[in-house]
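Read the structure below first, then the notes.
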Amino acid sequence: MSDKPTEKTSLQGVKIVELYKFVWNKWDKWIIFSALILLSWAINWEYNLSFSLSVNVTSLFKTNNLISLLPTVLYILQTALLPIYSKLSDMYGRAQCYTVALTFYIVAYIIMATANNYETLVGGQVVYAFGYSGASILGPITIADLTNVVDRGLLQGLYNVPSLINIFLAPKAGQALFNSGNWRFGYGLNSLLIFVTSFPLLFCLWKLNVKVKKSGLLQEFKEEQKKVRQEENLTFWEKCVWFIVEIDIIGSLLLVAGLCLILLPLVLALPSWGGWTSGTTLGTLCSGVVAWALFGLWEWKMAKKPIIPLAKWNTRTPLYGVCALSTVTIISSTNWQFFLTYLMVSRRIDSEKAILLERGYNVAYIICEVIAGYLMKRFRVWKPFVWAGVSLIILGVGLMIPARLPSSSDAFVVISQTIVGIGSGFLYTPMLVAIQSSLPHEDMSVATAMMQVGGSIAASIGSTMAGTIWNNMLPGQIAKYVPGEYDYAKIVGDVPYASALPEPQWEGVVAAYGHVQMVLSIISICIAVLTFCFTIPMKTFGLENYNENEEQAAHDGPAPGLVADSEKTQVYGIERADTATTERVSSPDNHKEYL
C-alpha cells in the first residue's frame, strides 16, 4: 500500500477507465472479461501455430540459417514497444491502443500470408511485433482496471487458461497445414481469428468510452485540460516535444540501442563476426554497455517522464517483484533451452513425445495460477503462496538432476517438471497482483510493462547463458565420452544422426549431454535462491485489509453528477487517513466496482 500523496490524474486514458464504473452494468463487465479470455485464446493459438509454420516456411525460402537472428531482432523491438504502449494507453485510452495494436496484428498476418520471399516474411513479422506487443501488455492492464485487489489474482489466472488447449493442438495444426501445402491459409486464418475474437472486446470498450463522454462525467476533466492548454499555448513543435517527453522517446532509443548492441553479438559473434575476440564483437559489446549506462543515467537524472519512474514511487515492492519473476524466467529459459534436444537424443524419441514429456510444466503452471488466485481471494494472504512457490521451484529443479539421467523413467521426468510448474504458478499470480496493486492506478500500466520487459530481458539472458554453457562445455564432454571417430557438427546439429550412432558412441553422447544438463540444473538452483531473497523485502499492498462492503457503499453513494467535494476523493482512489490531514493512496483500485 502506497503512502505517497497523489494528485488528480492528468492522463485522459486513466481518467476514462476510472469513470467506467459509473456507466457500466454487470453485462458490460462480464462481456469485457469473456472477450479478453477469447482474445487470449486467439493470441496464444496464433503464436503456437505461427511458431510451427515459421520454421518450415523459412526452410521453404532457403533461409533457415537466418532463423535465429529474426527472433532476437523482434524481441528487441517488442521490449521497446511494451512501455510505450502502456504509456499511450494511459494518455489516450485502452480502447484506442487496443484498436491500433490489433490493426497491426491483422495486417501483419495478411502480409505473411501473401509473402513470396523471406524479406516479405520479415517485414510481416516486424509489423507483427507492433501488434503483439500492444495486445500482450493491454490484456493484464485491462484486467487490473476491471478488478479489485482481492479478485485480481483469480481473474489474471483465468485469462491464461485458454493456452492449455493451444499448447497441444496448435503445433499439430501448423505441421498439418504445412504438410498439405496450405501454410498461407494458416497465416490467413490467424488474421481472421484475431479480427473475429477482438470484435466483442473493442465494441464494449468503445461503447463504454462513448457512455462516459455522453454522461458528462468527463466534462470537468476536459475543461481543466483545456484551460491548461490555453495557458500553455503550445506551438506544433512544442506539442511534438511534449509528446516525446511523455513517452520518453530518448530513454526508449537508449534501451533499444543497448539491447541491440548487447544481444546481436551473442547471435552473430561466432557465425559472422569472427568470434568473441574480433574487433566488431568487442566494440559492439562495449558500446552496448555504454548505451545501458547512459540509459540508466538518463532515467535517473534527466528524464521528466521516465519509462520506469522508480524515483516517483515510495515503495520498491514492484521492483523486487519484477526481479523475482525475472529470476524464475532465467531458470526456465536456462534449464529448458536444450531440454527437448536432450530428451530426443537420450531416449531416442520423436519431437512429439518429447514435447509431451516437457509440457507437464506448462499445464501445472497454468492450473496453479488459477488455484493461487482463488486461495488469495479466499484467505486474503499472499506471501505464504510466494514462499511455497519458491520452495517447490527449488525442490523441482533439484529433482531434475536425477530425473534427467538417461536411466530415469518418463514418469520421473514429468513429476519433476510438474513440481516446478506448480511452484511457478503459485509464485507468479501473487507477484503480479503485488506489482500492480502496490502503486497508484495511473502507474499500474507502467509497472505491468516493467514486469513484461524484465521477463523478456531475463529470457534472453537465460537463453544466452544456456547457449554459452552448452556450446563451450559440450565439445570437451563429447571428446571425453564418445569413443572412435565422429563428426561433432553432425552430432550437435542433427538429432536423427546423433540418435542413430552406434551404441557405444550414442551412450557417450548421452553421457555428455547429461553432464551439461546437470550443470544447467545446478545453476538454476542457485538462481532460485535469489528468487527467495527478492521476495523478503516486499511489502503488503492492501489484500489483508480490503473491505468490499466499504467499496460498495462508496459506489452506491450520490449520483455521479452530484458527488460532493468531500467525497470526490473516492472517485480518484484516495482515502482520508484517520489520524492525519494528509491524503494517502490506498490500494490503487480499492474504490472500484468489480466483477
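The sequence shown begins at 11 in this note's numbering and counts up by one.
Positions of the beta carbon are idealized from the N, C-alpha and C atoms, including for glycine.
Because the structure is a prediction, the values reported are computed rather than measured.
Residue 543 and residue 431 have their C-alpha atoms roughly 20 Å apart. Distance check between residue 273 and each of 255, 508 and 292 places 292 closest, using alpha-carbon atoms only. Linking residue 393 to residue 424 through their CA atoms gives a straight-line distance of about 27 Å.
Straight-line spacing of the CA atoms in residue 134 and residue 296 works out to 32 Å.
In this structure, the straight-line span from the alpha carbon of residue 153 to that of residue 26 is close to 15 Å.
Residue 495 sits in coil when the DSSP states are folded into three classes, being neither helix nor strand. When the five nearest sequence neighbours on each side are left out, the beta carbons in the same chain lying within less than 6 Å of the beta carbon of residue 384 are those of 164, in order along the chain. The alpha carbon of residue 455 has as its nearest neighbour, out of 508, 151, 329 and 138, the alpha carbon of 151. DSSP, reduced to helix, strand and coil, places residue 548 outside both helices and strands of the structure shown, so it counts as coil. In this chain, the alpha helix (DSSP H) harbouring residue 354 covers 349 to 356. Taking residue 98 as reference, the option from 158, 28, 254 and 137 with the minimal CA-CA separation is 254. A direct Cα-Cα distance of roughly 8 Å separates residue 56 from residue 197. Residue nearest to residue 191 within the set 173, 403 and 123 is 123 (criterion: CA-CA distance). Secondary structure of residue 150 (DSSP, three-state): helix. Straight through space, the alpha carbons of residue 479 and residue 486 are spaced by roughly 12 Å. It is roughly 23 Å from the alpha-carbon of residue 118 to the alpha-carbon of residue 262. Nearest Cα to residue 531 within the set 348, 433, 550 and 271: 348. Annotation for residue 231: 25 place their beta carbon closer than 6 Å to its own, counting only its chain and skipping 5 residues before and after. Counting C-beta atoms within 10 angstroms of its own C-beta, residue 388 has fewer than 16 neighbours from the protein chains shown and is therefore classed as exposed. Below 8 Å, enough C-beta pairs join the region 214 to 221 and the region 92 to 110 to call them touching: three or more.
Taking 8 Å as the cut-off, the beta carbon of residue 143 is found closer than this to the beta carbon of residue 95. Residue state for residue 313 is assigned as coil, using DSSP reduced to three classes. Nearest in C-alpha terms to residue 548, of all of 259, 335 and 413, is 335. Per DSSP, reduced to three states, the secondary structure at residue 367 is helical.
By the neighbour-count criterion, in which a residue is buried when 16 or more other Cβ atoms sit within 10 angstroms of its Cβ, residue 46 is buried. With fewer than 16 neighbouring CB atoms inside 10 Å of its own CB, residue 498 falls in the exposed class.
Rounded to the nearest whole angstrom, the C-alpha separation of residue 523 and residue 352 is 6 Å. Within the same chain, 469, 472 and 473 come within 6 Å of residue 343 by CB-CB distance, once the 5 residues on both sides are set aside. The beta carbon of residue 30 sits closer than 6 Å to those of 218, all from its chain and outside the five residues before and after it, given in chain order. In summary, residue 179 is exposed, with fewer than 16 beta-carbon neighbours lying within 10 Å of its beta-carbon over all protein chains present.
Scanning its chain for C-beta atoms nearer than 7 Å, with the 5 sequence neighbours on each side dropped, one finds around residue 475 the residues 344, in chain order. Within the model, the alpha-carbon separation for residue 434 versus residue 443 is close to 14 Å.
Rounded to the nearest angstrom, the gap between the Cα atoms of residue 508 and residue 357 is 11 Å. Taking the CA atoms as reference points, residue 341 sits about 13 Å from residue 466. The shortest CA-to-CA distance from residue 145 to any of 157, 402 and 114 is the one to 114.
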